[in-house]
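**Student:** There's a structure below that I have some questions on.
Protein chains: 2
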Amino acid sequence: MSLKFGVLGLLKGEPLHGYEVKNRFEAMLGGTWEVNIGQIYTTLQRLERDGLVRPIGRRGDRGKLQYELSPEGHKALDQWLAQPDSGPQQLHEDIYVKLLLATRIANGDLKGLLARQKRAYLQRLRDLNRLEERARRDGRVDLARLVRGALLHTEADLKWMDELSSERFGAEEGARTE
Amino acid sequence: MSLKFGVLGLLKGEPLHGYEVKNRFEAMLGGTWEVNIGQIYTTLQRLERDGLVRPIGRRGDRGKLQYELSPEGHKALDQWLAQPDSGPQQLHEDIYVKLLLATRIANGDLKGLLARQKRAYLQRLRDLNRLEERARRDGRVDLARLVRGALLHTEADLKWMDELSSERFGAEEGARTE
DNA sequence: CGGGTCATACATACTCGGCATACATACTGA
DNA sequence: TCAGTATGTATGCCGAGTATGTATGACCCG
């Protein structure tokens, strides 16, 4: 979804062809999201199929094909932007399943898992701090805001790991699901 | 990934057939992850193709086909469990792209977006609190731990929204990426 | 100067995994 | 007999990655 509407949002400004869309998108994300070029083109094709976007003129320079937003595209973009991400929080990330399995498998080494995961989060925190600093240095206030959100997430994860580590783990806890 | 290894983890305990895998998996997640039945079967087929799982005996009762872990499956599962989720934090969620676009599109109504999103997070918070309570009532300590993590995430999101809302948004900030 | 090589801009095709819908079929209990 | 549940297959979309192809311009070397 984010890529699809990210592309729409970029095309709102001015018509672009695929390759340029990729560059703008990655620039907008400040290098935190490297998009596969193939995906850009399939995304554009789907957008065209759904009538949100349409090709402009004939193929130019070297096969370049520019796209522009259709009126429906404008509408879809505005709606998406106006709508908050709601719905229940998805628990689909690996860490959740790992915790559950480590709990119910006999020698799951839950404490080790937590310790390793905590280290990974600390590393992530360092990376994000560097990234935020760079964004500010580059005057990318918008990007720094994103990184700030990611930082808060990772801090939450760390806090979580700490809480869990300080629990006493009983032997026969939880795992009754039959 | 989580589904694939979740299935492996369930099969570590005892051989199961697809339908039963689905039930156990959803029970393990306490209803927070409804898996599509088709996906279970394709996952099992891929696991079999990759030699991590193998069918047991002939088809039983009503076409039931049980699977058990192969030695390679055991190894793969243990490795996955031992490995923390590392790598950089992905900024692929809708909210990030929405923020960027709302910033750079002229009348992006950033403040409105933040307010709406905050309301959505508050709702999520309520749902998670109910869920945690239920998990504890059911003696599902393992599940309550997960929900606790999700709660911390959502709290972080709220904090983020508050920070952003109290910023003063300049007109010509950020959006220089050419 | 001319030709080879290399990078870059630009695009397509193919593949795989996640995920959902829809369908088929057997059993089971009211 | 009918509803529901148990169990499975087929099909298709979307996200994402790999591989390939073709121009064009730059750069180097004899």
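Quick note, the sequences are listed as chains H and F, same order. Using the working numbering, the first residue of the first sequence is number 13, and each one after it goes up by one. Using the working numbering, the first residue of the second sequence is number 13, and each one after it goes up by one. Idealized CB from N, CA, C, for every residue including glycine.
Quick check on DSSP: helix, strand or coil for H/Gln51?
**Tutor:** Residue state, collapsed to three classes: helix.
**Student:** Quick check on F/Gly186 - is its C-beta less than 8 Å from some C-beta in chain H?
**Tutor:** Residue placement at F/Gly186 is poorly supported in this model, since its pLDDT is 46, which falls under 50; the coordinates still yield a value, given next. True, the Cβ-Cβ gap to chain H drops below 8 Å.
**Student:** Give the secondary structure of H/Ile117 by DSSP, where H, G and I count as helix, E and B as strand, and everything else as coil.
**Tutor:** H/Ile117: coil per DSSP, three-state reduction.
**Student:** Give a yes or no on whether 8 Å exceeds the smallest Cβ distance from F/Leu176 to chain H.
**Tutor:** Closer than 8 Å to some Cβ of chain H, the Cβ of F/Leu176 qualifies, so yes.
**Student:** Which residues in chain F sit within 7 Å of H/Leu41, going by Cβ to Cβ distance?
**Tutor:** By Cβ distance, chain F contributes Leu103.
**Student:** Starting from F/Glu80, follow the alpha helix (DSSP H) in both directions and report where the run begins and ends.
**Tutor:** Not the alpha helix (DSSP H): F/Glu80 falls in the beta strand (DSSP E), residues Gln78 to Leu81.
**Student:** Applying a beta-carbon distance threshold of less than 7 Å, which residues of chain H neighbour F/Pro27?
**Tutor:** Going along chain H, no residue has its Cβ under 7 Å from F/Pro27, so there is no contact; the nearest lies around 15 Å.
**Student:** Find out if the Cβ-Cβ distance for the pair H/Tyr79, H/Leu103 is shorter than 8 Å.
**Tutor:** For H/Tyr79 and H/Leu103, no; Cβs fall outside 8 Å.
**Student:** Can you tell which of F/Leu93, F/Glu26, F/Gly99 and F/Leu59 has the C-alpha that lies nearest to the C-alpha of H/Tyr108?
**Tutor:** H/Tyr108 has its Cα closest to that of F/Leu93, out of F/Leu93, F/Glu26, F/Gly99 and F/Leu59.
**Student:** Of the choices F/Leu77, F/Arg128, F/Leu126 and F/Asp154, whose alpha-carbon is the least far from that of H/Ile117?
**Tutor:** For H/Ile117, the nearest C-alpha among the options comes from F/Asp154.
**Student:** By alpha-carbon positions, which one of H/Arg128, H/His29, H/Asp139 and H/Pro100 ends up nearest to H/Lys76?
**Tutor:** The shortest Cα separation from H/Lys76 among H/Arg128, H/His29, H/Asp139 and H/Pro100 belongs to H/His29.
**Student:** Of the residues H/Glu144, H/Arg157 and H/Glu60, which one's Cα is nearest the Cα of F/Leu126?
**Tutor:** The candidate whose alpha carbon is nearest that of F/Leu126 is H/Arg157.
**Student:** Only counting the same chain, and skipping five residues up and downstream in sequence, which positions put a Cβ closer than 7 Å to that of F/Glu46?
**Tutor:** Answer for F/Glu46: Glu38, listed in chain order.
**Student:** Do you know offhand how far F/Gly99's Cα is from H/Ser82's?
**Tutor:** Each residue's Cα considered, the two are about 38 Å apart.
**Student:** Pull up the DSSP beta-bridge partners for F/Ile68, would you.
**Tutor:** Note: F/Ile68 sits in a beta bridge opposite F/Gln78.
**Student:** Let me know if H/Met173 comes out buried or exposed under the rule of 16 or more other beta-carbons within 10 Å of its beta-carbon.
**Tutor:** Buried, since its Cβ has 16 or more Cβ neighbours within 10 Å.
**Student:** Candidates H/Asp90, H/Leu23 and H/Leu122: which alpha carbon is nearest H/Ala178's?
**Tutor:** The sequence given here has Ser at residue 178 of chain H, not Ala. Nearest of H/Asp90, H/Leu23 and H/Leu122 to H/Ser178, Cα basis: H/Leu122.
**Student:** Quick one: grab the DSSP three-state call for F/His104.
**Tutor:** DSSP places F/His104 in coil when its eight states are reduced to three.
**Student:** Can you tell me whether H/Leu28 is helix, strand or coil according to DSSP?
**Tutor:** Strand at H/Leu28.
**Student:** If distances are taken between C-alpha atoms only, which option among H/Glu145, H/Gln51, H/Lys24 and H/Ala132 comes closest to H/Tyr31?
**Tutor:** The option with the nearest alpha carbon to H/Tyr31 is H/Gln51.
**Student:** With H, G and I counted as helix, E and B as strand and the rest as coil, what does DSSP make of F/Thr166?
**Tutor:** Looking at F/Thr166 - three-state DSSP - the assignment turns out to be helix.
**Student:** Report yes or no: is there a C-beta of chain F within less than 8 Å of the C-beta of H/Leu23?
**Tutor:** Not closer than 8 Å to any Cβ of chain F, the Cβ of H/Leu23 fails to qualify, so no.
**Student:** Would you check if the distance between the CB atom of F/Gly65 and the CB atom of F/Leu23 is smaller than 8 Å?
**Tutor:** The displayed chain sequence assigns Val, not Gly, to residue 65 of chain F. A contact, by the Cβ cut-off of 8 Å.
**Student:** Grab me the residues of F/Gly42's own chain with a C-beta within less than 7 Å of its C-beta, minus the 5 sequence neighbours each way, in chain order.
**Tutor:** Ala147, Arg152 and Leu155.
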